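Notes to accompany the following structure.
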Amino acid sequence: MTLAADANSSLIDPAKLDRLGEVAVRVGLNLQPGQDLLMTAPTAALPLVRSIAKHAYKAGAGLVTPLLSDEEVTLARYRNAPDASFDRAAGWLYEGMAKAFSANTARLAIVGDNPLLLAGEDPQKVARANKANSTAYQPALEKIVGFDINWNIVAFPGAAWAKQVFSSDDESTAVKKLAEAIFSASRVDVADPIAAWAEHNKTLRQRTDWLNGERFSALHFKGPGTDLTIGLADGHEWQGGASTAKNGVVCNANIPTEEVFTTPHALRVDGHVRSTKPLSYQGTLIDEIAVRFEAGRIVEAKASRGEEVLNKVLDTDEGARRLGEVALVPHSSPISKSGILFFNTLFDENASCHIALGQCYSKCFVNGDKLTPEQIAAQGGNKSLIHIDWMIGSGQIDIDGIRADGSRVPVFRQGEWA
């Protein structure tokens, strides 16, 4: 950790940071006695890494293994590496991660890097490196999207990220503000965060129970720049909040979370849609995305910023132009009401309804844990090397649920549950 990063960490409320570490272990992961934990994090997040390790061992963890990344090392590659470097990735590392997940190791990721880290770098190199990394990561990603093990993502207020969010403030003030925003969204600024999460999970379960009872065949999104019909996969199941992984552990994959989500049918998406918030993807900002779908596939894509990277992402593989997730989030969610644009999908997706390009989640099918990949594909589930969420909801979006007989049920009106 640099001296600057160490100084910034002293600005963060240590009690709330420790509660975040505890919530990540007890609510996010629900780590089991004897279970190993693999953790990835930026170097700036070491204070949270240490807190999570402490609470993991208190919960009986067998072995906690942290893997750290560094922004300066990342930039050194783009500015100094030979051209061939950008078509390579550490496959051996991801194979090891996949092996660990096969042995029931839990997975935790801490996000907190500068969302615009690579904005000034060669977009061709960024796209090539992203594709190589996505390909190499596939063995490990399959264990995550298949929900084989309990996993969780939380956030740490890195200084560069804080300055992007609160650009008019000095660095110290920005870090303090981002820290408090993360703590509030993650429900650790209350006396009993564990109880607060139990109540929140109960509310999300009520939403998923209603949607699963309706068994809609499609959703129709209508609003400024958007007229989109998303067919839902055969045998789809809505999820939200706490879910049970295939290893039997009930966990909250995302902290924070305000969404309920399911799997679209990869061949039954038609119409056009416009993003309502910027997408920060692998250090590149992609803004004002506008795409058109035909028979489930994006046939036209534009963006006011980052369009070249967007189109490279869409060319990753056949499934990259199709949807793997649709999620509903009310415009009045706490993250939306904060008025903060986080430039981070973990937070911004919980301020807005969103869709995800690429790989679907097998858990979003009835008895998904028992379905083979071939069965999931036959029911409309998408397969891809990527899974990228981007936001399409606002206070001007209406959503109807469409039943198999064509009748409609209001689901959202003006961005709120109907």
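The opening position of the sequence shown corresponds to residue 9 in our numbering, with each subsequent residue numbered one higher. The beta-carbon is built from N, C-alpha and C at its ideal position, and this holds for glycine as well. These numbers come from a predicted model, not from an experiment.
Alpha-carbon to alpha-carbon, residue j and residue i
| i | j | result |
| --- | --- | --- |
| V436 | Q383 | The shown model of the chain, from 9 to 426, leaves out residue 436, and the question about it has no answer. |
| D21 | L54 | 15 Å |
| L318 | E308 | 11 Å |
| T211 | A250 | 11 Å |
| E129 | K378 | 44 Å |
| L76 | D121 | 11 Å |
| D26 | I60 | 8 Å |
| E30 | A67 | 10 Å |
| D242 | K254 | 21 Å |
| M399 | S110 | 32 Å |
| P90 | R136 | 13 Å |
| P41 | P286 | 40 Å |
| M9 | D78 | Residue placement at M9 is flagged as unreliable, the pLDDT there being 45, under the threshold of 50; the coordinate-derived value follows with that caveat. Roughly 9 Å between the two C-alpha positions. |
| A12 | A52 | In this prediction, A12 scores a pLDDT of 45, lower than 50, which makes its location untrustworthy; the coordinate-derived value is nonetheless stated afterwards. C-alpha separation (whole angstroms): 9 Å. |
| S93 | W169 | 27 Å |
| S402 | P131 | 29 Å |
| Y86 | Y289 | 16 Å |
| R421 | G233 | 16 Å |
| K24 | I405 | 35 Å |
| Y369 | A106 | 17 Å |
| S225 | G388 | 12 Å |
| E1 | G36 | For the chain, the structure presents residues 9 to 426; residue 1 sits outside this window and is missing. |
| L71 | D156 | 19 Å |
| V134 | L126 | 8 Å |
| T353 | R416 | 31 Å |
| N209 | G248 | 8 Å |
| N260 | R329 | 28 Å |
| K62 | N158 | 18 Å |
| T73 | Y65 | 11 Å |
| V258 | F373 | 17 Å |
DSSP beta-bridge partners of residue i
| i | result |
| --- | --- |
| A7 | Because residue 7 is not part of the residues shown, which for the chain are 9 to 426, the question remains open. |
| P272 | L240 |
| V281 | V299 |
| I294 | L287 |
| A335 | F269 and H362 |
| N262 | I161 |
| E424 | R421 |
| D406 | K230 |
Coarse secondary structure for residue i, derived from DSSP in three states
| i | result |
| --- | --- |
| P418 | strand |
| Q146 | helix |
| Q247 | strand |
| R330 | coil |
| V257 | coil |
| R411 | coil |
| L287 | strand |
| I118 | strand |
| L4 | No answer is possible for residue 4: the residues shown for the chain start at 9 and end at 426. |
| E315 | helix |
| I20 | coil |
| N158 | coil |
| A163 | strand |
Beta strand (DSSP E) runs contained entirely in the segment 27 to 70, provided each spans 3 or more residues: Listed in chain order, the complete beta strand (DSSP E) runs (minimum 3 residues) inside the segment 27 to 70 are 45 to 50.
Counting only runs that start and end within the segment 178 to 243, where is the alpha helix (DSSP H) found for 4 or more residues in a row? 179 to 193 and 201 to 222
Within 8 Å, do at least three Cβ pairs link the segment 146 to 164 to the segment 45 to 61? Verdict: yes, contact present.
Quick one: complete beta strand (DSSP E) runs, 3+ long, within the segment 337 to 404? Counting only runs of 3 or more, we get 362 to 366 and 395 to 399.
Measuring CB atoms only, is the segment 235 to 246 touching the segment 265 to 278, in the sense that at least three cross pairs come out at less than 8 Å? yes
Let me know the alpha helix (DSSP H) ranges lying completely inside the segment 64 to 114, each 4 residues or longer, listed in chain order. 79 to 88 and 99 to 110
Okay, do the segment 115 to 123 and the segment 38 to 52 touch, 3+ Cβ pairs below 8 Å being the bar? yes
Are three or more beta carbon pairs between the segment 365 to 381 and the segment 340 to 349 nearer than 8 Å? With the cut-off at 8 Å, the segment 365 to 381 and the segment 340 to 349 do not touch.
Counting Cβ pairs, one atom from each stretch, are 3 or more of them under 8 Å apart for the segment 194 to 206 and the segment 294 to 308? no
Quick one: any contact between the segment 351 to 358 and the segment 205 to 225, if contact means 3 or more CB pairs under 8 Å? As far as the Cβ criterion goes, the segment 351 to 358 does not touch the segment 205 to 225, which means the pair count is below three.
Does the segment 91 to 102 come close enough to the segment 132 to 152 to have 3 or more Cβ pairs within less than 8 Å? yes
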